[in-house]
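Heads up: the sequence shown begins at 788 in the working numbering, then just goes up one per residue.
Report on the following structure.
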Amino acid sequence: MTIELIMILMVLFFVFCVGTVIGSFLNVVILRAFSGESIVLPPSKCPKCGNKLKWWHNIPIISYILLRGKCYFCHEKISIQYPIIEALTGFVFLAVFIKFGLTWDTLFAFAVASLLIVISVTDIKERVVFDMHTYSLILVGLVYNLYITGYGVVQQFNTIVGFHVTSEWCLTNPLTVSLLGLILGAVIMEAAARIGYLIAGERAFGEGDTYIAMGLCAVFGWLNIIAIIVLAIFIQLLLTLPLFLKKLAQNKHWWTIISLVVFFVYAVAFYSVEHFGSAFDNILIHLGAMGVMFVLGLWACFCVIKGLKDNKDNLTYLPFGPALAIAGLLLLVTNANLLLGLGG
């Protein structure tokens, strides 16, 4: 093993450790979002007995193992959420660092990833999406793209040609694309949510999901709205599918089964052609194909929603927010070019 490889592994291990520390802090953010307490004060304490934790009780993952999953003072069980979130954040930070390296972009991606993890957990735990978390995601996206826009202007000023405000620049600079994403994300999600009234008699998605989509679109821009929503629908169906297949067959909900099969087949075909072919080099064809997938995904989702409504006693509801957040995390660590500033 060479010295260079050892150094790389040490850096990666350090990044993972930093991620677990941030994950420990995210646990505090999640817990105190429900309690309404400050994330700064009071210091960490046992949620059961209220005793202030010692420093060695807060070592990510290790403390949970050493304490055997129990509070040092009252011996009540500690939620498995704590080490899971710490480890998850560590691995996400590691993936982000491998993707973007030692750059300012990495810090931005860390912030986005952290907010998406918090949003997912609160939605899964209590089906609650807190405004302060989604507003923070929106703010991070706008501020970063403002920075990228300003940085680009300064760079152009330093060239021989100089900087000139043109109509094209006004429409295509990162901040404008981010703002358009914010607006269109809200419009598309709210329109889709209200279509649920026609199919299932209730919103297809909660209002919190709209804010999550707005935050993601502020980060990734309006050109990626459909990609985000389609990927989220695909993830949602993957998470929900095991809960439905047996009941669908028993209740003979053939249209729902057909909608799921058609969407999955089309989605697999689409991504296969996109990655291994050249049919989507034309932007209009690409957007059209994504639009078809978006419609098929909505159709499948609404069939699922209707099934939920008709079988409330037999099926478990899964919020859509975590699927959106997972979609954002996947895009963050797999497709740098989808980020306005990071794509260059």
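Here a beta-carbon is modelled for each residue, glycine too, at the ideal position from N, C-alpha and C.
What you are looking at is a predicted structure, and each value in this text was computed from that prediction instead of being measured.
Bridge partner(s) assigned by DSSP for residue i
{"i": "residue 864", "result": "857"}
{"i": "residue 839", "result": "832"}
Anticipated Cβ contact below 8 Å, residue i with residue j, distance rounded
{"i": "residue 1018", "j": "residue 881", "result": "Their Cβ separation, rounded to whole angstroms, is 22 Å, which puts residue 1018 and residue 881 out of contact at 8 Å."}
{"i": "residue 818", "j": "residue 834", "result": "7 Å"}
{"i": "residue 900", "j": "residue 916", "result": "About 17 Å separates the two Cβ atoms, so there is no contact after all."}
{"i": "residue 1087", "j": "residue 1050", "result": "4 Å"}
{"i": "residue 913", "j": "residue 821", "result": "7 Å"}
{"i": "residue 1004", "j": "residue 1015", "result": "7 Å"}
DSSP state of residue i mapped onto helix, strand, coil
{"i": "residue 886", "result": "helix"}
{"i": "residue 793", "result": "helix"}
{"i": "residue 807", "result": "helix"}
{"i": "residue 945", "result": "coil"}
{"i": "residue 845", "result": "coil"}
{"i": "residue 951", "result": "coil"}
{"i": "residue 826", "result": "coil"}
{"i": "residue 932", "result": "helix"}
{"i": "residue 1050", "result": "helix"}
{"i": "residue 961", "result": "helix"}
{"i": "residue 1106", "result": "coil"}
{"i": "residue 1117", "result": "helix"}
{"i": "residue 802", "result": "helix"}
{"i": "residue 1111", "result": "helix"}
{"i": "residue 1101", "result": "Its pLDDT being 44, under 50, residue 1101 is placed unreliably in this model, and the value from its coordinates should be taken loosely. Coil at residue 1101, not helix or strand."}
Check: residue i C-beta below 6 Å from any heavy atom of the ligand SAH
{"i": "residue 1011", "result": "Looking at this structure, you won't find the ligand SAH or any other ligand, since it has none at all."}
Note down, one range per segment and in chain order, each alpha helix (DSSP H) of at least 4 residues found wholly within the stretch 886-925.
891-913
For the stretch 932-940 and the stretch 962-971, state whether three or more C-beta atom pairs, one from each stretch, are separated by less than 8 Å.
yes
The stretch 965-981 contacting the stretch 998-1009, beta-carbon criterion three pairs below 8 Å:
yes
Whole alpha helix (DSSP H) runs in the stretch 980-1027 with 4 or more residues, listed along the chain?
994-1007
Using 8 Å as the Cβ pair cut-off and three pairs as the minimum, do the stretch 867-884 and the stretch 895-904 touch?
yes
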